[in-house]
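Enquirer: This is the structure, below, for whatever I ask next.
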Amino acid sequence: MDFMSTTEPPSTLALGANSLIYSLHQSYRKLMIVRVDLLMREEHQIMTSIFDIHEYRARLWNNRRSKPSIFEHCLGWIWGLEWTKECGYHLHCLFAFNGREVQQDIWYGNQIGNYWINVITKGKGCYRNCNQYKDSYHHLGIGKVHINDQEKLANLLQYVIPYLAKDDQLIRQAIHSDGLALARNVQHIRTFGYSNNLSL
Numbered sequence: 353m354d355f356m357s358t359t360e361p362p363s364t365l366a367l368g369a370n371s372l373i374y375s376l377h378q379s380y381r382k383l384m385i386v387r388v389d390l391l392m393r394e395e396h397q398i399m400t401s402i403f404d405i406h407e408y409r410a411r412l413w414n415n416r417r418s419k420p421s422i423f424e425h426c427l428g429w430i431w432g433l434e435w436t437k438e439c440g441y442h443l444h445c446l447f448a449f450n451g452r453e454v455q456q457d458i459w460y461g462n463q464i465g466n467y468w469i470n471v472i473t474k475g476k477g478c479y480r481n482c483n484q485y486k487d488s489y490h491h492l493g494i495g496k497v498h499i500n501d502q503e504k505l506a507n508l509l510q511y512v513i514p515y516l517a518k519d520d521q522l523i524r525q526a527i528h529s530d531g532l533a534l535a536r537n538v539q540h541i542r543t544f545g546y547s548n549n550l551s552l
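Start counting the sequence shown at 353; every next residue gets the next number (my numbering).
See the structure below:
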């Protein structure tokens with residue numbers, strides 16, 4: 353996997369992730385985009401450091417081969433890390449599936465969320481399946497995205513992905529605080545990334 357560094361401007365990061373979507377659409381006319389927000393339960397938020405959340409994130413992606421019932425048709429993913437006072441560290445994730453093989457986006461979102469809870473965080477996590485509420489989004493860019501659906505594709509590239517790639521001072525402050533508290537180097541901590549095109 354090659355992940356872009358956060359030393360690049362956010363707009364550049366979003367463009368790089370957009371290139372993944374364009375690349376996938378060269379091989380697959382239909383993509384199923386599943387967005388899941390992966391969080392920690394309230395009682396575990398204060399004890400979850402930036403290093404913990406990054407370990408969980410890496411484990412989720414690296415272990416996907418052991419869960420083919422969920423990830424067999426996953427072609428790539430995009431993730432953004434955020435910190436808020438209410439939720440602590442949490443991940444906004446987009447999973448791109450082969451739309452010919454994957455039909456039930458809500459089911460896949462729930463499966464990813466439950467995998468996060470039960471396997472990755474060992475009961476410490478929780479999740480929000482955004483596809484379950486996709487009809488409420490003004491700029492809908494998740495669910496089934498056909499290459500000819502210019503509006504939904506534009507929403508994905510212009511609204512959904514840039515939201516994940518946005519620069520946020522709060523996350524930077526939280527990471528800096530963790531580095532000081534744990535006496536660890538946080539200079540190269542990423543807050544946004546995306547996979548290669550796994551179909552190549």
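Built from N, CA and C at the ideal position, the CB exists for glycine as well.
Using 8 Å as the Cβ pair cut-off and three pairs as the minimum, do the segment 478–497 and the segment 452–470 touch?
Expert: Yes, since at least three Cβ pairs between the segment 478–497 and the segment 452–470 fall closer than 8 Å, the two stretches touch.
Enquirer: Roughly how many angstroms separate the alpha carbons of Q455 and L516, rounded to a whole number?
Expert: Those two C-alpha atoms are separated by around 24 Å.
Enquirer: Measure the alpha-carbon distance for F403 versus N500 and round it to whole angstroms.
Expert: If you take the alpha carbons of F403 and N500, they lie about 41 Å apart.
Enquirer: Going by the beta-carbon positions, is the gap between I373 and K496 smaller than 9 Å?
Expert: Not a contact, by the Cβ cut-off of 9 Å.
Enquirer: The alpha helix (DSSP H) that contains R409, what's its start and end?
Expert: Counting along the chain, the alpha helix (DSSP H) containing R409 begins and ends at 402–414.
Enquirer: Given this structure, state the Cα-to-Cα distance separating T543 from E434, to the nearest angstrom.
Expert: For T543 and E434, the distance between alpha carbons rounds to 7 Å.
Enquirer: Who are the Cβ neighbours of R393 in its own chain at under 7 Å, not counting the five residues just before and after it?
Expert: Once the five neighbours on either side are set aside, the close Cβ partners of R393 are K476, G477, C478.
Enquirer: For D457, does the count of other Cβ atoms within 10 angstroms reach 16, so buried, or fall short, so exposed?
Expert: By the 10 Å Cβ count, D457 comes out buried.
Enquirer: Whose C-alpha, out of S371, C439, Q484, S418, is nearest the C-alpha of L522?
Expert: It is C439.
Enquirer: Go to G531, then tell me how far its alpha helix (DSSP H) extends in each direction, as first and last residue.
Expert: Counting along the chain, the alpha helix (DSSP H) containing G531 begins and ends at 521–534.
Enquirer: Which residues in the same chain have their Cβ closer than 6 Å to the Cβ of H498, if we skip the five residues on either side of it in sequence?
Expert: Once the five neighbours on either side are set aside, the close Cβ partners of H498 are K382.
Enquirer: Would you please state the rounded distance, in angstroms, between the beta carbons of D487 and H442? I believe it to be under 8 Å.
Expert: So it is not a contact: roughly 23 Å between Cβ atoms.
Enquirer: Tell me the start and end of each unbroken beta strand (DSSP E) in the segment 453–521 that is at least 3 residues and wholly inside, in chain order.
Expert: Here the runs fully enclosed are 477–481, 495–498.
Enquirer: Let me check one thing: in DSSP terms, what residues is R387 bridge-paired to?
Expert: R387 pairs with L446.
Enquirer: Taking all protein chains shown into account, do 16 or more other C-beta atoms lie within 10 angstroms of the C-beta of N483, making it buried, or fewer, making it exposed?
Expert: It is buried - the Cβ of N483 has at least 16 other Cβ atoms within 10 Å.
Enquirer: Which whole-angstrom value describes the C-beta separation of R387 and L446, a residue pair presumed to lie in contact below a C-beta threshold of 8 Å?
Expert: Contact holds; Cβ gap of about 5 Å.
Enquirer: Work out the CA separation of V538 and L532 for me, nearest whole Å.
Expert: Distance between the alpha carbons of L532 and V538: 9 Å.
Enquirer: Apart from the five residues on each side of it in sequence, which residues of its chain come closer than 7 Å, Cβ to Cβ, to E360?
Expert: At E360, the pLDDT of 46 sits below 50, so the modelled position is not reliable and the matter cannot be decided from this model.
Enquirer: Bridge partners of C426, per DSSP?
Expert: F449, per the DSSP bridge assignment.
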